[in-house]
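Using this note's numbering, the first residue of the sequence shown is number 25, and each one after it goes up by one. Cβ coordinates follow ideal geometry from the N, Cα and C atoms, glycine included. Given the structure is predicted, the values throughout are model-derived calculations rather than measurements.
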Amino acid sequence: MVLTDQVLVDGRARTRAAGHERPPPVVEETSTLDGMFSRAALRKPAAIALQEGPHLLTYGKAEARAVQLATALVRGGVQLGDPVIVHCESHAQALLAQLAVLKAGGVCVPVAPGTDAALVERVARISGARTALCSRSTQPVWAGRAACLVLDAEEAWSKIGALRVDRALPRSEPTGAAYLLVDHGDGPVGGGQLVDHRAWGLALAARVHHVGRVTSTVRTSQLPLGAPSLSAMWWAFRCGGAVRVPPAGGGADTAGAFGSAVAVFGPREYRLVLEAARQAPRPARPRVVVLLGGPCPDDLADLHFEVLPTTRLWAEFAPAGGAVPWATRELPPGHRTGGTGIAVGRPVPRAHVRILGPDGRLVPTGLAGEVCATGPALPFDSIPAPRWGSPVHGGGAPLRSGRLGRWRPDGVLEITGTVGVRGE
Numbered sequence: 025m026v027l028t029d030q031v032l033v034d035g036r037a038r039t040r041a042a043g044h045e046r047p048p049p050v051v052e053e054t055s056t057l058d059g060m061f062s063r064a065a066l067r068k069p070a071a072i073a074l075q076e077g078p079h080l081l082t083y084g085k086a087e088a089r090a091v092q093l094a095t096a097l098v099r100g101g102v103q104l105g106d107p108v109i110v111h112c113e114s115h116a117q118a119l120l121a122q123l124a125v126l127k128a129g130g131v132c133v134p135v136a137p138g139t140d141a142a143l144v145e146r147v148a149r150i151s152g153a154r155t156a157l158c159s160r161s162t163q164p165v166w167a168g169r170a171a172c173l174v175l176d177a178e179e180a181w182s183k184i185g186a187l188r189v190d191r192a193l194p195r196s197e198p199t200g201a202a203y204l205l206v207d208h209g210d211g212p213v214g215g216g217q218l219v220d221h222r223a224w225g226l227a228l229a230a231r232v233h234h235v236g237r238v239t240s241t242v243r244t245s246q247l248p249l250g251a252p253s254l255s256a257m258w259w260a261f262r263c264g265g266a267v268r269v270p271p272a273g274g275g276a277d278t279a280g281a282f283g284s285a286v287a288v289f290g291p292r293e294y295r296l297v298l299e300a301a302r303q304a305p306r307p308a309r310p311r312v313v314v315l316l317g318g319p320c321p322d323d324l325a326d327l328h329f330e331v332l333p334t335t336r337l338w339a340e341f342a343p344a345g346g347a348v349p350w351a352t353r354e355l356p357p358g359h360r361t362g363g364t365g366i367a368v369g370r371p372v373p374r375a376h377v378r379i380l381g382p383d384g385r386l387v388p389t390g391l392a393g394e395v396c397a398t399g400p401a402l403p404f405d406s407i408p409a410p411r412w413g414s415p416v417h418g419g420g421a422p423l424r425s426g427r428l429g430r431w432r433p434d435g436v437l438e439i440t441g442t443v444g445v446r447g448e
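Have a look at this one:
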């Protein structure tokens, strides 16, 4: 049962993110992101998965609605490996959309609200997606580009709810692509990264090991679908916790900026959050703040410990708009890099980070080159393909970060600049 040509999928107009073949898996993994959520929903269906302002969404309700939406996608023609745009104005809509795409065996292509026209064009070109799950406010930018299912339209949910659940769901696989993350033009070639379920699982396991579990709630960006929001969401769900965000259009949320046990932000947004929290007479103090994205400069670490002197600061270096880190480190009070660049830590387990020269050859320790990497803990492919298409010293074709860096004598990776002209 196809809903309508406008609202659901034109099954004849498909493209495949899966057309970029991934190498054989190094190990056998058994977990997927949507499977992880399903297990949490089975254990405690009444537990809160998402608190968005005053609105609550339980694990059980989110799971049930996502299964119905996934059924609609499959009935509408979405096949294994098909890219699907997720461009929603609220975290609740975005969560249901992502779960549904993954259960249907598709690849989530997240687009944050407020994305400019140039980035929308880049996402459309790189992904080739012909299906979009969106809100009324975001649907117009996809008109003529993709068949849209509007998730805040009651008539759409009435039709979705009438469908008999597809018993073949879920169709996701651990080594299948889960996300295509298109950078904001600050990557090495303005492209995207394909991340499978396995890499997400490894990143989450490493964070739990170093930082701990989400025992209650995790605070993140007001806007959904950015890399920090995605990372916070899956960290919470892996632990059976809840994501807490202010309502859309709710302002800076200065009073409740840290009303959670843990928080995940990008460096630029975190600076704004800290500046707002500094004005509060008694800001709440989370146990730990995770910074995901570019390097954390010394002055940002100083501001963190000025405002939150007892809160741990954990930095995860995920270049080019990525959501799974290449290197991590804890920043202690009084931290100084002590070099010409910014130290980002040591490579995460099962990531092989290399410093390469312009010719694609390894650069000696202490000398600068582009930071590149391979490994099952990282995106398995990039679109367009990397500049260096051949294996490097026995590894696969390396991912490019667009960052210049070098190895310090103590084995810590230091970022010293950027490759070419990039935004920050």
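Straight-line gap, residue i to residue j (C-alpha atoms, nearest Å)
| i | j | result |
| --- | --- | --- |
| residue 247 | residue 135 | 10 Å |
| residue 358 | residue 315 | 17 Å |
| residue 341 | residue 179 | 43 Å |
| residue 196 | residue 93 | 15 Å |
| residue 116 | residue 423 | 32 Å |
| residue 398 | residue 222 | 14 Å |
| residue 88 | residue 185 | 10 Å |
| residue 81 | residue 443 | 43 Å |
| residue 368 | residue 291 | 13 Å |
| residue 425 | residue 109 | 24 Å |
| residue 433 | residue 388 | 11 Å |
| residue 416 | residue 226 | Residue confidence for residue 416 is low, a pLDDT of 42 falling below 50, so the modelled location carries little weight; the figure read from the coordinates is stated next. Those two C-alpha atoms are separated by around 23 Å. |
| residue 269 | residue 240 | 13 Å |
| residue 167 | residue 352 | 40 Å |
| residue 85 | residue 189 | 15 Å |
| residue 263 | residue 63 | 11 Å |
| residue 279 | residue 140 | Its pLDDT being 41, under 50, residue 279 is placed unreliably in this model, and the value from its coordinates should be taken loosely. Taking the straight line from one Cα to the other gives about 30 Å. |
| residue 337 | residue 192 | 43 Å |
| residue 441 | residue 91 | 45 Å |
| residue 385 | residue 428 | 14 Å |
| residue 253 | residue 59 | 19 Å |
| residue 251 | residue 323 | 23 Å |
| residue 198 | residue 303 | 45 Å |
| residue 145 | residue 215 | 12 Å |
Paired residues, beta bridge with residue i - DSSP
| i | result |
| --- | --- |
| residue 406 | 217 |
| residue 371 | 351 |
| residue 429 | 393 and 439 |
| residue 289 | 315 |
| residue 243 | 268 and 287 |
Assumed close pair residue i, residue j - CB separation to whole angstroms, cut-off 8 Å
| i | j | result |
| --- | --- | --- |
| residue 258 | residue 126 | Their Cβ separation, rounded to whole angstroms, is 11 Å, which puts residue 258 and residue 126 out of contact at 8 Å. |
| residue 170 | residue 153 | 6 Å |
| residue 347 | residue 255 | 5 Å |
| residue 372 | residue 230 | 5 Å |
| residue 238 | residue 286 | 6 Å |
| residue 307 | residue 331 | 6 Å |
| residue 465 | residue 128 | Any answer about residue 465 is impossible in this case: the structure gives the chain only from 25 up to 448. |
| residue 370 | residue 435 | 6 Å |
| residue 344 | residue 207 | 5 Å |
Pair within 8 Å by beta-carbon distance, residue i and residue j
| i | j | result |
| --- | --- | --- |
| residue 350 | residue 402 | yes |
| residue 22 | residue 107 | Outside the shown range of the chain (25 to 448) lies residue 22, about which nothing can therefore be said. |
| residue 217 | residue 228 | no |
| residue 131 | residue 203 | yes |
| residue 365 | residue 299 | no |
| residue 201 | residue 72 | no |
| residue 313 | residue 328 | yes |
| residue 156 | residue 111 | yes |
| residue 325 | residue 296 | no |
* In the region 299 to 352, which residue ranges form an unbroken alpha helix (DSSP H) of at least 4 residues, counting only runs that do not cross its ends? -> Counting whole runs of 4 or more residues, the region 299 to 352 contains the alpha helix (DSSP H) stretches 322 to 331.
* Segments assigned alpha helix (DSSP H), at least 4 residues, entirely inside the region 70 to 118 -> As far as the region 70 to 118 is concerned, its whole alpha helix (DSSP H) runs of at least 4 residues are 83 to 99.
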